[in-house]
Structures are given as C-alpha cells and as structure tokens.
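Trainee:
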Amino acid sequence: MSSSCSHWWHAPVYIAATVALVVAAISASGSTRFSPPGTADDALRRAGFHLTAAVLHLSPSSPLPSSRPATLFAPPDPAFTNLSLTSAAALLQRHSLPVILTLADLRRLPQGSCLSRELTISPPFSSNNSIAINGIAISHPDLYLSESHAIHGITGGFPDAACGGPATPIPWSRVTQALGSRGYVAFTVGLLTVLGEIEPTARTLDQVTIFAPQDIGFHQVTGSRAKLEGTIRRHVAIGRYDYRDLMSLKVGEEIRTMAKDVRLTITASGDTGVVMINGVQITEPEVYKARGAVVHGILRSFELGTTHHLICC
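Sequential numbering of the sequence shown, starting at 1, is according to the working numbering.
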C-alpha cells in the first residue's frame, strides 16, 4: 500500500474481516478517486468514521441516496464489530432518516420527540449543551451538510428501543375525521388526495404536527398533483409540537416541514398570548391530539415567498 493512503483507515483488529477487507480495498485504490474534498465520504474519514464511509461506498442500499433527502447518524468504528457488509448496511439504515435534520432542527424538537419508530430525542448534555438520540450523544454535529443530506457523528450505536412505547402508525383516518368534523373540509380533501405520497415518509418519522387552514383561508391548488403535494407538505411539520411547545419557542426559531428546504418560522409566541407561524395565527389549538400526531387549526395557508413580521414579547 502506498504511503499516501496509509492513513486511510485504522480499524481495530476486532472488526469483522468482511468489513476490514472492504476498507483495505478502498485504501489500495486511492481515497481521492472516491472522495474528492468536500464530499460526505471525505468528511467522514477526516472525522474518524472510516467504516461508515466504507459501507456507504460498497453497500447497494445506501442510506444517503442521491435522489432524496436523508439524515445519517454515523456510528463510530467499534459499532461495526463482527458485522458482515450486509449487517453493517442494515445498521446504517437504522441510523438514518428520510429527511434533512441539522443540529439546529434537532434542538428545536421537544425532548422526547420521536424521530422514527426507534429514535427519540434525549435531554441535552450539560457539559457541551449537545443533545442525544436514544441516550447516545452527538459528538460531531453537522459533520456534513448539503442540499440533500445531513450527517452527524455519534459516540456509539443506537440501542434498540421503541419511541414512546410500542410503535403505532399515525392515525390518518382519525386525523381526517377530526378535521372534517371541525370544518377543515378543503384541507382534508387535499390531504386525502396526496396521502399516498406523504404517508410513507410520515410513517418512518412516526410523529408529525399538522397545521390545517380554515376553508376560507385554504387556496385550492390548481394544476399538477405535485403542487398540491407540496402545499400539503408545507403544512406538516416533523415532530410533535403541542401548543405549549410552540408557545415555548422563541420568535425567529424555525420548524422543519416535510417539504424539502421549507421551514416554518415562529413569528409570535410566549408573552404575546398567541402563536403565529409565518405570520399566520393558530386559531384552534390541538384540534386533534394523539401520540403520533397533533393538529392545530390556522387562519389561512402558509404561502411561499412571503415576508414574516416578527412580534416579540
């Protein structure tokens, strides 16, 4: 092996031979061929997550597909002890989410929020104000960020756990029934129309917050089904935010939605006595509330490209 590649990996001897051979093969072929500066692979290797980088290269089922957004929590090399390549790839799948979540996004989620059926936001660590998932600290936040992907390094593999108890699907039928009975008919029809497109992602996330516009304030989307889907996704936030959670957020803080690159901004909260998001007031808090979902009624739709006036306490 050439001296220029001798630093590629330093896997301990207890790593399974299959994965070790994968790393050695990549080393021998030259790291720059696979990971030009600024790539996810380069960032992982520089931070010491050599085996995560190796598995991403070789596995046919990457948790960071180029065609859709994703977040990966990269385990340290010892987490791959005695794993075959197939098992290592499955481990990374369990450490990934089908949305982009930066450290700032994770910090805004209430403690105990379910990121998936198995992953839960844990309290901050007092020493560095970091957060943890399933009790495992994020050691390298925002290790790699791009338009489609986010990677965070963690101190160990996530232990098996069910978020909030036994996994239960989001009760979409009850959500739509509650919305329809409270007069949010137009939004309910739109949600049902594209539910097949958004439900797989929401099912993976396990918890969502839905902001339902009143009928008079919901502009029916004409044209493509994709436009309607985009509108509905802007009104579905990742994570479960009760009204008190929203009241506790500071003006200017943002909430990640299911729409790519779209965040909602808190424009009034706290001592103002009301919660406004993107300049739109929540008029009927907690129209529906369950473990997997909470629904708030709002005055009108969230529109793209509008100016939000912040109302401080």
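The C-beta atom is built at its ideal place from N, Cα and C for all residues, glycine as well.
Based on Cα-Cα distance, which residue from SER61, ALA290 and ALA53 lies nearest to PRO86?
Mentor: For the purposes of this step, residue 86 is identified with residue 86 of the sequence shown, where counting begins at 1. The sequence given here places Thr at residue 86; Pro does not occur at that position. Answer by Cα proximity: SER61.
Trainee: Which residue or residues does DSSP assign as beta-bridge partners of GLN281?
Mentor: Position 281 of the sequence shown, counting from 1, holds the residue named residue 281. MET276.
Trainee: Tell me which residue opens and which closes the alpha helix (DSSP H) that HIS50 is part of.
Mentor: Residue numbering aside, residue 50 sits at position 50 when the sequence shown is read from its first letter. From DSSP, the alpha helix (DSSP H) with HIS50 extends over 50-58.
Trainee: Roughly how many whole angstroms lie between the Cα atoms of SER67 and ASP271?
Mentor: As a position in the sequence shown, residue 67 is number 67, starting the count at 1. As a position in the sequence shown, residue 271 is number 271, starting the count at 1. When rounded, the distance between both Cα atoms is 43 angstroms.
Trainee: Assign PRO213 to one of two classes, buried (16 or more other C-beta atoms within 10 Å of its C-beta) or exposed (fewer than that).
Mentor: Taking the first residue of the sequence shown as position 1, residue 213 is located at position 213. Buried, since its Cβ has 16 or more Cβ neighbours within 10 Å.
Trainee: Apart from the five residues on each side of it in sequence, which residues of its chain come closer than 6 angstroms, Cβ to Cβ, to ALA43?
Mentor: To locate residue 43, count along the sequence shown from 1; it is residue 43. Excluding residues within five positions, the ones whose Cβ falls inside 6 angstroms are LEU143 and TYR144.
Trainee: What does the alpha-carbon distance come out to for the pair ASP206 and ARG45?
Mentor: The count along the sequence shown starts at 1 and reaches residue 206 at position 206. The count along the sequence shown starts at 1 and reaches residue 45 at position 45. The straight-line gap from Cα to Cα measures roughly 31 angstroms.
Trainee: Keeping to the same chain, check which residues put their C-beta closer than 6 angstroms to that of LYS289; ignore five residues upstream and five downstream.
Mentor: For the purposes of this step, residue 289 is taken as residue 289 along the sequence shown, with counting starting at 1. Excluding positions up to five away in sequence, the list is empty.
Trainee: From the DSSP output, in three-state form, read off PHE158 for me.
Mentor: The count along the sequence shown starts at 1 and reaches residue 158 at position 158. Of the three classes helix, strand and coil, the one that applies to PHE158 here is coil, per DSSP.
Trainee: Are at least three pairs of beta-carbons, each pair with one atom in the region 87-102 and one in the region 175-183, less than 8 angstroms apart?
Mentor: Counting Cβ pairs under 8 angstroms, fewer than three are found: no touch.
Trainee: For the beta strand (DSSP E) containing ALA90, name the first residue and the last one.
Mentor: Your numbering for residue 90 matches position 90 in the sequence shown. Element bounds for ALA90: not the beta strand (DSSP E) but the alpha helix (DSSP H), 85-94.
Trainee: Only counting runs of 3 or more residues, tell me where the beta strand (DSSP E) segments fall wholly within the region 184-213, in order along the chain.
Mentor: Runs of the beta strand (DSSP E) inside the region 184-213: 208-213.
Trainee: Under 8 angstroms, with one C-beta from each stretch per pair, do the region 76-96 and the region 46-55 reach the 3-pair mark?
Mentor: Cβ pair count under 8 angstroms is three or more, so yes.
Trainee: Determine the contact status of PRO110 and ASP245, defining contact as a CB-CB distance below 7 angstroms.
Mentor: Locating residue 110 in the sequence shown gives position 110, counting from the first residue. Locating residue 245 in the sequence shown gives position 245, counting from the first residue. Contact: yes.
Trainee: Suppose the cutoff is 6 angstroms on Cβ atoms and the five residues either side in sequence are ignored; what does the same chain contact list for ILE133 look like?
Mentor: If you number the sequence shown from 1, residue 133 lands on position 133. So the qualifying residues of the chain are LEU119.
Trainee: Of the residues GLY217, SER116, SER224 and ALA70, which one's Cα is nearest the Cα of LEU148?
Mentor: Locating residue 148 in the sequence shown gives position 148, counting from the first residue. Just to set this straight, residue 148 is Ser in the shown sequence, not Leu. The shortest Cα separation from SER148 among GLY217, SER116, SER224 and ALA70 belongs to ALA70.
Trainee: So VAL294 and ARG240 are in contact, right, with Cβ under 8 angstroms, and what is the actual spacing, rounded?
Mentor: By one-based count along the sequence shown, residue 294 stands at place 294. By one-based count along the sequence shown, residue 240 stands at place 240. Indeed, because the Cβ distance is near 5 angstroms, the residues count as touching under 8 angstroms.
Trainee: Pull up the distance between the alpha-carbon of ALA47 and that of PRO200, whole angstroms please.
Mentor: As a first step, residue 47 must be located in the sequence shown, where it is residue number 47. As a first step, residue 200 must be located in the sequence shown, where it is residue number 200. Answer to the nearest angstrom: the Cα atoms are 33 angstroms apart.
Trainee: If contacts are defined as beta-carbon pairs under 8 angstroms, then PRO169 and GLY292 qualify, I think. What distance do you get, rounded to the angstrom?
Mentor: For the purposes of this step, residue 169 is taken as residue 169 along the sequence shown, with counting starting at 1. For the purposes of this step, residue 292 is taken as residue 292 along the sequence shown, with counting starting at 1. PRO169 to GLY292, Cβ: 7 angstroms. Contact.
Trainee: Quick one, are the C-beta atoms of ALA79 and ILE151 less than 7 angstroms apart?
Mentor: For the purposes of this step, residue 79 is identified with residue 79 of the sequence shown, where counting begins at 1. For the purposes of this step, residue 151 is identified with residue 151 of the sequence shown, where counting begins at 1. Result no, Cβ atoms of ALA79 and ILE151 do not sit closer than 7 angstroms.
Trainee: Under 8 angstroms by Cβ, that's how I've got ILE136 and THR155 pegged, so tell me the actual separation to the nearest angstrom.
Mentor: As a first step, residue 136 is located in the sequence shown; it is residue number 136 there, counting from the start. As a first step, residue 155 is located in the sequence shown; it is residue number 155 there, counting from the start. Confirmed, about 6 angstroms.
Trainee: Comparing C-alpha positions only, which one of SER173, PHE187, LEU195 and SER116 sits nearest to ASP160?
Mentor: As a working note, residue 160 is residue 160 in the sequence shown. Per the Cα distances, SER116.
Trainee: Where does the unbroken beta strand (DSSP E) through ARG315 begin, and where does it stop?
Mentor: What the structure shows of the chain is the stretch from 1 to 313, and residue 315 is not part of that stretch, so it cannot be assessed.
Trainee: Alpha carbon to alpha carbon, how far is TRP172 from SER126? Give it in angstroms, no decimals.
Mentor: By one-based count along the sequence shown, residue 126 stands at place 126. By one-based count along the sequence shown, residue 172 stands at place 172. Caution applies to SER126, whose pLDDT of 49 falls short of 50 and renders its modelled position unreliable; the model cannot decide the point.
Trainee: For ALA79, does the three-state DSSP call read helix, strand or coil?
Mentor: On the sequence shown, position 79 is the one that residue 79 refers to. DSSP places ALA79 in helix when its eight states are reduced to three.
Trainee: Exposed or buried, THR209, counting other C-beta atoms within 10 Å across all chains shown (16 or more means buried)?
Mentor: Here residue 209 refers to the residue found at position 209 when the sequence shown is read from its first residue. That one is buried.
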